[in-house]
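Trainee: The following block contains the structure, expressed as structure tokens.
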Amino acid sequence: MGFTPLPFAILAALVLGAFARLNASTTQADDLADLCQNAERICEVEVLAKDFVRLADGAIETRYTFATLLPLKGSMGATQEVRLPGGAIAGRGLAIPGMPNFEVGERHILFLSAADAKQWRMPVGLNAGAFQVRTASTAKQTQVVGAASCCDETAHREHVESYDQFVQRIFDELRR
Amino acid sequence: MGSTQEAKFSFKRLLSRAALLVAAFGAGAGMADGYVRIVLGGKTLHWSDPNIDWQLNTESFSGLDSVGVSDAADRAFATWNQISKSAINFQRGADTAAADYSKSSHLVYLDSDNSSGFFPNGSGTVAITPIIYSTSDGRMIDVDIIFNGKDFDFALHAGGNDFDLQDVMTHEIGHMIGLDHSPVHGSSMWPYVAPGQWLHRSLTQDDISGGIAAAKIGGIAVLKGKLHDFEGENLQGGGVGLIRADDGRLAATGISNANGNWVVKGIPAGQYYVYAFPIEGYMTAANFTSDSAVKTDFGVEFYGGFGNPYQITATQGDTTDCGTLQVARDGAVQDVFRHAQLIAQGETKAVTVFGSNLQANNTTLIDFSNQILLGSSTSTSSMVSTMASVGSNCPVGSYDLFLELANGELEVVPGAIEVVAAAPKVTSLNLSNGDISGGDEVIVEGENFVDGAYVIVGGREAQATQFIHSTRIGFTTPASDGGVADVIVQNPDGQEATLIDAFQYSAIPRYADLFPRAGYRGGGTELRVIGSGFTSGMSVEIDGTTSTPTVHSSTFFTVIAPPASRTGSVDIVLVSADQVRTSYADIYTYVNTPDPRIESFTPESGKKNGGTEVNLYGDNLGGSVRVRFGVDPVTAQGGQFAGGVELAANSKLTMTTPSNPVGSYGVVVELPNGQGAIANSTFQFEGSLSAGGGCGGVATGQSGGKPSDWLAFVILIGGWYLLQRPKFRHQSV
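Protein sequences, first through last, are from chains D and Y.
Just so we're aligned, residue 37 is where the first sequence starts under the working numbering, counting upward by one.
Just so we're aligned, residue 34 is where the second sequence starts under the working numbering, counting upward by one.
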């Protein structure tokens, strides 16, 4: 179908709704205000590289190299490495239900937690804290799609919002 | 295609549009069906052995009652174990203190300090289920469930502001058997949860079919087919929904693979309407763990068409091929529906579906049930609303809502309505207090109780729960640490009702026996009472006069009898620290005669097989006196009566000791009227191997026989071995 931007009221119901919690592995935070508040880093990135590493304790992590396109909150370099649990290497895989997956070349706006002792910096609320940025085929404008992974270029989803509007709302939240 | 095709839906649709549906309610069983399994790298995650051990780290759930945590976990796992036709069998191992998900035991624990690494500051993750699997075949190797105790609180009941442990755990266990999230809004595997929610505690048919597909037993009903997109190409990642033709319940959702093929296993046998739908709306492909592509650029379409859908027969033990379905062109409509609308049987509720590109005044909500009456739809470009009246006999389960626009465009909200049984209510208990050790038999009264309901007292599951009637359940109280407890009745569907502060747990003192059973009316007799639930704060009333006992243990106290104004039998009342009174009638007698007293006895030891002549000295011994040897020197209980007791004088008795196990024991005298006395010193029963036969006796306060006895024992065993040696040799050949 041709994409038609959602009315703001619907977006509000989706993004600003407060009571639902993602239960993926179970997660909280589908509220933009919560995302902005809980995230230590907010940034738009492009995925440059993706590698799987097996840790000494047996866990598997995915190391993403991101080019920072637009830093919104927190301090970060022009490129940054973000490590997330999950991935597959040497015949073993670690799957985390609810964990977003990013592919090289994709653009995302990410709400990232602080890094812990393992240097894992999780998207806040897992899928809820990752928004894919892509150019719509029909609307001729850049859009932000709630939650990452999936789909083809023409896929439509309810979390779609104009890029400019979404970034502006993040700024608004951060200024509060 | 092995299916039966009938044109009947247009009639239902017409009725629905006109909001003239006449209820033709009838009872039915079954629910909605729909599941998606996790597929990574083309491999479906699965267990090679459906018997899955798991271990609970109970102590990690600090702040929650450990027994309650254990019970909630058991209920959550039992929910999945109870799926018939599924071989999945969770087996609980010994509790553990382990909290390391990288080990191969399948742990359930609460991570309170982010030692797992999954919950850094700001993660917003409530619980997580890491799955370690083999990439070569999808075999699951280790799966753990970890709750985020650093940032969130969990509860052992629904309805509050915390996440219900059982509700969240039931969802996570679904991942544990390899299930992904489901697009059915009311299913346990729906990806969203709210604090206090109970809905995920029980499984929809969707989850059940997933459990069957994960490890089926025997012949099951299977439907399969193929999806083509509008250009006739294979459609990957298209959702498939199955609606039961008999009652309109959603009966399963599946998803097509790279070749457009779909298969749904483990559905009830019967007739189905089958449709394809894009997985979009509030749940999207982003909620899937699977890494397969998901197409959403198409519209909802039925086998046979929406206006004239085929009825396709699913037969137990058979696979029915539904053939190829070419989906509709994509439309502009998108729905936004966050949670299933719960409507109880017999209830009417408004249902509103938000969305975009709806047609104002020309969007209609339609369902397939003839037992859910939808009123006229009211719509704008961003919402459509109606009133839904559910018949009192409408089968519980999930029901789809379809949005039809005047231009023919169609959208579906899978499982938008979840019909539930009427919620239980708890009104009273027939007993409002009981002992902390549990075991009190109680009947809870209320409404809408269902066979199989749990009763939870103070967070702990009651024992011997017996469903009597929809208004009554009998149960036996579990043990408690004391205090006031809420009583919860939790129906099998997860709904619960709470009677707050309904049951007072106390250390209720209970009487078992006392010595002596009679005493001088002038008072001063020391009573030795055994029983249970004795605490330092308790008091004792003897014939209405309160005394403070000396509590030696929870099973033994002593108390001095107060003077009495009369003789005869009197009641004794034990009063707990919480002022719970337990009365025992006529268990003590006041008499006019002074109490007996033992001053000494000689000798103070004798052989364990008895026969030792003893002289006992004291006061007020009287006639027909009995003497017990071998009694507990503290409680004055137990022992055997001496033989040949003779009153040599008012202050002297002669007797012969009974046989008794080796050890040091008390001696008591008892008068026929119940008065008695215990000696301050003890009588030692001595063992003799040559006389007593060796090792069988229990030595109380003794470490063993004398050296000469041991020597005799060694000689005896050695001789016996020499005599038996040829036999041992023969047996060993």
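Every residue gets a Cβ at the ideal spot worked out from N, C-alpha and C, and that includes glycine.
1) Counting only C-beta atoms, is Thr63(D) closer than 8 Å to chain Y at any point?
2) Considering only the alpha carbon of each residue, which of Asn267(Y), Pro342(Y) and Gly244(Y) lies closest to Val297(Y)?
3) For Ser99(Y), report the span of its alpha helix (DSSP H) as first-last.
4) Quick one: does Ser29(D) have its CB under 8 Å from some CB of chain Y?
5) Quick check: what's the CA-CA separation for Gln708(Y) versus Thr622(Y)?
6) Can you give the beta carbon distance from Gln499(Y) to Gly491(Y), rounded, assuming they're within the 8 Å contact cut?
7) Would you decide whether Thr329(Y) is buried or exposed? Buried here means 16 or more other CB atoms lie within 10 Å of its CB.
8) Helix or strand or just coil, what does DSSP make of Asp604(Y)?
9) Along chain D, in chain order, which residues have C-beta atoms closer than 9 Å to that of Leu73(Y)?
10) According to DSSP, Cys79(D) sits in a beta bridge with which residue or residues?
11) Which stretch, first to last residue, makes up the beta strand (DSSP E) that contains Pro416(Y)?
12) At a CB-CB cut-off below 7 Å, which residues of chain Y make contact with Gly141(D)?
13) In whole angstroms, what is the alpha-carbon distance linking Ser565(Y) and Tyr432(Y)?
14) Mind reading off the beta-carbon distance from His139(Y) to His372(Y)? Whole number of angstroms is fine, and I expect it under 8 Å.
15) How far does the beta strand (DSSP E) with Val452(Y) in it extend, from its first residue to its last?
16) Since Asp213(Y) meets chain D, which of its residues come closer than 8 Å, beta carbon to beta carbon?
17) Going by beta carbon distance, what residues of the same chain come within less than 7 Å of Gln201(D), once the five residues before and after it are set aside?
18) May I have the straight-line CA-CA distance separating His214(Y) from Asn294(Y), to the nearest angstrom?
19) In three-state terms, what does DSSP make of Glu209(D)?
20) Measure from the alpha carbon of Asn292(Y) to the alpha carbon of each residue in Gly430(Y), Leu358(Y), Glu92(Y) and Val176(Y), then state which is nearest.
21) Check for me: the beta strand (DSSP E) holding Asp534(Y) runs from which residue to which?
22) Can you tell me the Cα-Cα spacing of Tyr199(D) and Ala495(Y), whole angstroms?
23) Is it buried or exposed for Ser513(Y), if we count other Cβ within 10 angstroms and need 16 for buried?
24) Do Phe589(Y) and Val667(Y) come within 8 Å of each other at the CB atom, strictly closer than that value?
25) Closest to Pro542(Y) by C-alpha separation, out of Val608(Y), Ile575(Y) and Ile521(Y), would be which residue?
26) For a cutoff of 8 Å on Cβ pairs, would you count Glu80(D) as touching chain Y?
27) Throw me the rounded Cβ distance for the Ala439(Y) and Asn403(Y) pair, which I believe falls under 8 Å.
28) Are any of the Cβ atoms in chain Y nearer than 8 Å to that of Ala69(D)?
29) Counting contacts by CB-CB distance shorter than 8 Å, is Ile533(Y) in contact with chain D?
30) From this set, Ala246(Y), Phe187(Y) and His233(Y), which residue's C-alpha is nearest Leu212(Y)'s C-alpha?
31) Taking the beta strand (DSSP E) that Ile469(Y) falls in, what are its first and last residues?
32) Phe135(Y) CB to nearest chain D CB: under 8 Å?
33) Specify the secondary structure class of Leu283(Y) as computed by DSSP and reduced to three states.
34) Need the endpoints of the alpha helix (DSSP H) that His208(Y) sits in, please.
35) Please list, in chain order, the residues of the stretch 149-182 of chain Y that have any C-beta partner in chain D closer than 7 Å.
36) State the CB to CB distance for the pair Ala75(D) and Val160(D), rounded to an integer number of angstroms; the pair is presumed to be in contact (CB under 8 Å).
Mentor: Considering the structure as presented:
1) With a pLDDT of 46 at Thr63(D), under the threshold of 50, the modelled position of this residue cannot be trusted, and the question is left open.
2) Nearest of Asn267(Y), Pro342(Y) and Gly244(Y) to Val297(Y), Cα basis: Gly244(Y).
3) Where Ser99(Y) is concerned, the enclosing alpha helix (DSSP H) stretches over Ser99 to Asn114.
4) Nothing about residue 29(D) can be read from this structure; chain D reaches only from 37 to 212.
5) 9 Å
6) The Cβ separation is near 20 Å, so there is no contact.
7) buried
8) strand
9) Ala124, Gly129 and Ala131
10) DSSP output for Cys79(D) lists Pro107(D) and Leu146(D) as bridge partner(s).
11) The question names Pro, yet the displayed sequence has Met at residue 416(Y). Segment Met416 to Val423, the beta strand (DSSP E) holding Met416(Y).
12) Ordered by position in chain Y, no residue passes the 7 Å Cβ test against Gly141(D), which lies about 16 Å from the chain.
13) 55 Å
14) Rounded, the Cβ-Cβ distance is 30 Å, inconsistent with contact.
15) Residue range Leu443 to Val453 is occupied by the beta strand (DSSP E) that includes Val452(Y).
16) Pro133
17) none
18) Answer to the nearest angstrom: the Cα atoms are 19 Å apart.
19) helix
20) In terms of Cα proximity to Asn292(Y), the closest of Gly430(Y), Leu358(Y), Glu92(Y) and Val176(Y) is Leu358(Y).
21) Glu529 to Ser539
22) A direct Cα-to-Cα measurement between Tyr199(D) and Ala495(Y) gives close to 55 Å.
23) buried
24) yes
25) It is Val608(Y) whose Cα lies nearest to the Cα of Pro542(Y).
26) no
27) Ala439(Y) to Asn403(Y), Cβ: 24 Å. No contact.
28) no
29) no
30) The candidate whose alpha carbon is nearest that of Leu212(Y) is Ala246(Y).
31) Unbroken run through Ile469(Y): none, as it is neither H nor E.
32) The question names Phe, but residue 135(Y) in the sequence shown is Ser. True, the Cβ-Cβ gap to chain D drops below 8 Å.
33) strand
34) Element bounds for His208(Y): Leu198 to Met209.
35) Gly150, Phe151, Pro153, Asn154, Gly155, Ser156, Gly157, Thr158, Val159, Ala160, Ile161, Thr162, Pro163, Ile164, Ile165, Tyr166, Ser167, Thr168 and Ser169
36) 5 Å
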